[in-house]
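*Asks:* Numbering (the working numbering), first residue to last: 34 to 395. Beta carbons are placed, not taken as given, at the ideal position from N, Cα and C, and that holds for glycine.
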Amino acid sequence: MNLCHNITDGWNYCGCILTLYLLPLVCILGLLLNIACLVVFILHRKHPIVPALISLSICDSLQLFFSLFVLYIPALHQFSGSEFSSRLGQISFISTGLFGPVLLTANCSSIWTMCYICIKRYRAISNPLSTITEKNSSCKILICITILAFIFNFRKWLEYEWKWIDLQNTQDVLYKQEIYDPNRKWFLAYEYKKFIYDVNYRIIWEIIVYPVCVYLIPCLLISVLHGKILKSMSEHHIVSIGHKRRLAQEKRSAMLLISIVILFFCCHTGGLIVRFFDFSKYQSVSWFIFMKDTANFLFNVNSCANPMVYFIFTRHFRDLHSSWSSTKSKSKKEAAIPKELKNALLKDTSLLLNLNDDKGEE
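1) Measuring straight from C-alpha to C-alpha, what distance separates LEU171 and ILE198?
2) How would you label ILE178, buried or exposed, when you count the other beta carbons within 10 angstroms and need 16 or more for buried?
3) Going by DSSP, which residues form a beta bridge with ALA6?
4) How many Å lie between SER143 and LEU258 at the Cα?
5) Taking SER125 as the reference, which of HIS110, SER115 and THR138 has the closest Cα?
6) Could you tell me the boundaries of the alpha helix (DSSP H) in which LEU86 lies?
7) Going by other Cβ atoms of all chains shown within 10 Å of its Cβ, with 16 needed for buried, is SER356 buried or exposed?
8) Between the beta-carbon of ASN339 and the beta-carbon of ILE293, is there less than 8 Å?
9) Which residue's Cα is closest to the Cα of HIS38: SER113, LYS325 and ARG285?
10) Can the beta-carbon of TRP238 be found closer than 8 Å to that of ALA182?
11) Determine the contact status of SER100 and LEU136, defining contact as a CB-CB distance below 8 Å.
12) Please say whether LYS196 and GLY133 have beta carbons closer to each other than 8 Å?
13) Which residue marks the beginning of the alpha helix (DSSP H) containing ILE198, and which one marks its end?
14) In chain order, which beta strand (DSSP E) runs of at least 3 residues are fully inside the region 228-268?
15) With burial defined as no fewer than 16 other Cβ atoms inside 10 Å of the residue's Cβ, what is the status of TYR343: buried or exposed?
16) Contact between the region 302-313 and the region 66-82: three or more CB pairs below 8 Å?
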């Protein structure tokens, strides 16, 4: 608690505790849980929903890993009292400039993958035969979703203008070294380009395009499809014990996705609200900084909690095992049935031939 001990402002103190101590704890714990889930999913990858869960776990792992660079290191640089142009400051600049858009890409890819899961589960329930032709295309679609998310957020890299600062000759007070270091001559920094401050650009991208594409449309799509999925399952008539088990498993899959989506929107709504504030006006206000830190912290809470949701709503991952193993045993039974029928038919035909021969002799 030494780094936060001298902070007098309440909002800044809370932000220091949040970003320096709670954030790395959540990120490291979440990384371990997501890696464990990835191992389980890879071992049971024949289950139809597993490829999408693998994609979600990868996105969550990227979110947690790069948050240590984009959120934790800049906070450590700020609260440690280091010089702006220190080595820690250099790492902070490079981390936020290079890895910041990767976090946005992971978020977009996650929510669009959820939409794909909803569409796929709805088609599987409403028309089971439609899933036969989709087995080989799932991975391709998930890769396309990731590429689209990357292209959608690529503009963030274009907002930065990188430049080299000569630390020994600069007149900029911001980059001047208080403690002169002859071994350090250059400092790589970036500034936002002028178009980022344009009101129209901010309204179009930050207030209209991004919220609509990443929150509004996916939220409506997922809500409508889930309503239809639950309605369809409630109207199904149970014809056998196997059908009852299958329906119960489908309900757990639906509840799994509903829980993931609810958790996502609860943890990401704060980030959406922050976008509607004028950053140039509030960027130095302590309560607004704390609100941004809280929104970023909740992003990582979501990524950390998802593995627990997977664990709970798949009956401790037993659903993933029972699905493909049951189909495997089922296929063996189906393969055994034709042999029994064939033997029975051969016996019947041999009996008929013997009867015909006896009649002929008579």
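*Replies:* To lay it out plainly:
1) Looking up residue 171 in the sequence shown gives position 138. Looking up residue 198 in the sequence shown gives position 165. It is Ser, not Leu, that sits at residue 171 in the sequence shown. Going from the Cα of SER171 to the Cα of ILE198 covers about 47 Å.
2) One-based indexing of the sequence shown puts residue 178 at position 145. With 16 or more Cβ atoms within 10 Å of its Cβ, ILE178 is classed as buried.
3) Residue 6 lies beyond the residue range present for the chain, which begins at 34 and ends at 395; the question has no answer from this structure.
4) What you label residue 143 is simply residue 110 of the sequence shown in a count that begins at 1. What you label residue 258 is simply residue 225 of the sequence shown in a count that begins at 1. Between SER143 and LEU258, the C-alpha separation is close to 17 Å.
5) Here the question's residue 125 lines up with position 92 in the sequence shown. Of HIS110, SER115 and THR138, the residue nearest in Cα terms is HIS110.
6) Taking the first residue of the sequence shown as position 1, residue 86 is located at position 53. DSSP places LEU86 inside the alpha helix (DSSP H), whose first and last residues are 83-100.
7) To locate residue 356, count along the sequence shown from 1; it is residue 323. The predicted model places SER356 with a pLDDT of 45, which falls under 50 and marks its position as unreliable, so this point remains unresolved.
8) Along the sequence shown, read from residue 1 onward, the residue named residue 339 stands at position 306. Along the sequence shown, read from residue 1 onward, the residue named residue 293 stands at position 260. Result yes, Cβ atoms of ASN339 and ILE293 sit closer than 8 Å.
9) Start at 1 with the first residue of the sequence shown, and residue 38 comes out as number 5. When C-alpha distances from HIS38 are compared across SER113, LYS325 and ARG285, the shortest belongs to SER113.
10) To locate residue 238, count along the sequence shown from 1; it is residue 205. To locate residue 182, count along the sequence shown from 1; it is residue 149. Contact: no.
11) Within the sequence shown, the letter at position 67 stands for residue 100. Within the sequence shown, the letter at position 103 stands for residue 136. A contact, by the Cβ cut-off of 8 Å.
12) Position 100 of the sequence shown holds residue 133. Position 163 of the sequence shown holds residue 196. By the CB criterion at 8 Å, GLY133 and LYS196 fall outside the cutoff.
13) Stepping through the sequence shown from its first residue, residue 198 is reached at position 165. Run containing ILE198: none in the alpha helix (DSSP H); it sits in the beta strand (DSSP E), 193-199.
14) You should have found no qualifying run.
15) Here residue 343 refers to the residue found at position 310 of the sequence shown. With at least 16 other beta carbons inside 10 angstroms of its own, TYR343 counts as buried.
16) By the Cβ test, the region 302-313 is not in contact with the region 66-82, since fewer than three Cβ pairs between them sit closer than 8 Å.
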